[in-house]
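K.L.:
I'd like to ask you about the structure that follows.
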Amino acid sequence: MKKENIQKNTNQPKSLIKRFLEWIGLKEKIHNNNSVSPFFKEGEIWWCAIGENIGIEINGKGRLFSRPVFVYKKLSKEGFLGIPLSTKDKKGTWFVEISFKEEKNIANLSQVRVFSSFRMYERMGLLDDNDSKKIKNGFLRLYS
C-alpha cells in the first residue's frame, strides 16, 4: 500500500477511531487471559469476539465486538476454521441460509477464517445435521 493511500484514509470519523481503540483494549484482555480454552466441537455455534476490522472484513457487534460463528473444522484445542453468521438477508454463492433456534441466519462463506478459541465466550448450541451439510456443501462448491 502506498503511503499516500494510507494518509488519505486517516480522515476517519471519531466514532470509528473510538471503536478501534475499544477493540484494541478488549483484544489485549483476550490475548493476555490465562484461562483454559473452552471445549468445543465441529458443528457448534458460538458467540465469538471477532473484533473491529477493516474494509470488507466482517465486524463484531456490541461492546464485545462479537457475532455467532459456526465451527466448520476444529484444527486444535485452541483453534478452528469458522464461518461468521448474520441475520441480514443476503443472496449469492457466498451465502448459505440456515435456521438456528427457529431463526433465519446466513452463513457468510466469504468471511471464513481461522479463529483462536480464546475468542469464544458462549456456546449457543449445535447446528442440526441438515443445515451443517448445507454449509459444508456451500463451502466445498466455493473452495474446491
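Just so you know, we're using the UniProt record's numbering here: the sequence shown kicks off at 1 and counts up by one.
C-beta atoms are modelled at their ideal positions from N, C-alpha and C, and glycine is treated no differently.
1. Would you call the CB atoms of K133 and I106 closer than 8 Å?
2. Between the beta-carbon of K74 and the beta-carbon of F40, is there less than 8 Å?
3. So the beta strand (DSSP E) I30 belongs to, where does it begin and stop?
4. Per the contact definition of three or more C-beta pairs closer than 8 Å, is the stretch 89 to 102 in contact with the stretch 121 to 132?
5. Looking only at its chain, what residues have a beta carbon closer than 8 Å to the beta carbon of H31, apart from the 5 residues adjacent to it on each side?
6. May I have a chain-ordered list of the beta strand (DSSP E) segments no shorter than 3 residues that lie completely inside the stretch 68 to 134?
7. If you draw a straight line from the C-alpha of residue 231 to the C-alpha of I83, how long is it?
P.N.:
On the basis of the supplied data:
1. As a first step, residue 133 must be located in the sequence shown, where it is residue number 133. As a first step, residue 106 must be located in the sequence shown, where it is residue number 106. Cβ atoms of K133 and I106: not closer than 8 Å.
2. Here the question's residue 74 lines up with position 74 in the sequence shown. Here the question's residue 40 lines up with position 40 in the sequence shown. Against a cut-off of 8 Å, the Cβ pair of F40 and K74 comes out as a contact.
3. For this step, residue 30 is matched to residue 30 along the sequence shown. No beta strand (DSSP E) contains I30, which is instead part of the alpha helix (DSSP H) from K14 to N32.
4. yes
5. Against the sequence shown, residue 31 aligns to sequence position 31. Excluding positions up to five away in sequence, the list reads F118.
6. 79 to 86, 95 to 100, 103 to 108, 113 to 116 and 120 to 126
7. Outside the modelled stretch of the chain, which goes from 1 to 144, sits residue 231, for which no answer is possible.
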